[in-house]
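Asker: Residues in the sequence shown are numbered from 12 upward in steps of one, following the numbering used here.
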Amino acid sequence: MEFSYIGLIMVTVVLLPNLLFVIFPPKNIPNGLQDVHLFFTIIERIGIIAFIVILLTSNVSFINLNINLFLLLMILCIVVYYSLWLRYVLKGQDFSLLFTPLLFIPIPMAIFPVSYFLFASFWINSIYLAITTLIFAIGHFVNSWNSYIHTK
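In structure tokens, the structure reads:
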């Protein structure tokens, strides 16, 4: 194992917008909002830690990577994800904006980063990243859906 600068870039690109959550905290958080169940929060956190570790210690190099459909889908997911964060900031940081559907896509601020990591797993050809992304997705989707339901 060695440190991967590509992995660092991939992690940073998707986690960086979350700083906006700290700089522009949400308004109008529903009273009594909690995660669905501790189990889902735990697997969400395990998934996050695991895919960060996998990406930071992967042996992926720029030489081995190609521009292909998976990279383009990753870029699309990040562009949409950043647009959703921009919507959140520009429309007043209302908590519900973190979960408001995008066209027909429910909880898009959960779906697009998960999709980004899933496409990344295909791009770098890592079954381990795909598995940890799916573990993360289960917890993240359940908790996000719960928050979305409470914003209605």
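Glycine included, each C-beta is placed from N, C-alpha and C at the ideal position.
All values derive from a computational prediction rather than experimental measurement.
Of all the options I20, H48, S158, G18, which has the alpha carbon lying nearest to the alpha carbon of D105?
Answerer: Ranking I20, H48, S158, G18 by Cα distance to D105 puts S158 first.
Asker: Spatial neighbours of W1 within its chain, please: C-beta separation below 7 Å, excluding the five flanking residues on both sides.
Answerer: Given a span of 12 to 163 for the chain in the structure shown, any question on residue 1 remains unanswerable.
Asker: Any heavy atom of the ligand ADP closer than 7 Å to the CB of T162?
Answerer: Although the ligand ADP was asked about, the structure shown includes no ligands whatsoever.
Asker: L19 by DSSP, collapsed to three states: which one?
Answerer: If DSSP states are grouped into helix, strand and coil, L19 belongs with the helices.
Asker: Return the chain-ordered list of same chain residues with a C-beta closer than 7 Å to the C-beta of S126, the five sequence neighbours on each side being excluded.
Answerer: The answer, listed in chain order, is C88.
Asker: Where does G43 land, buried or exposed, given buried means 16+ other C-beta within 10 angstroms?
Answerer: With fewer than 16 other Cβ atoms within 10 Å, it is exposed.
Asker: May I have a chain-ordered list of the alpha helix (DSSP H) segments no shorter than 4 residues that lie completely inside the stretch 52-112?
Answerer: The qualifying runs are 80-101.
Asker: Can you give me the Cβ contacts of P37 inside the same chain, cut-off strictly under 6 Å, excluding the 5 residues immediately before and after it?
Answerer: Once the five neighbours on either side are set aside, the close Cβ partners of P37 are Q104, F106.
Asker: Taking DSSP as the reference, what is the three-state secondary structure of I142?
Answerer: Here I142 sits in helix by DSSP.
Asker: Mapping the DSSP letters down to three states, classify I40 as helix, strand or coil.
Answerer: Correct three-state label for I40: coil.
Asker: Specify whether the stretch 123-138 and the stretch 21-36 touch according to this definition: at least 3 beta carbon pairs, one from each stretch, less than 8 Å apart.
Answerer: Touching, per the Cβ criterion.
Asker: According to DSSP, simplified to helix, strand and coil, what is I116?
Answerer: Here I116 sits in strand by DSSP.
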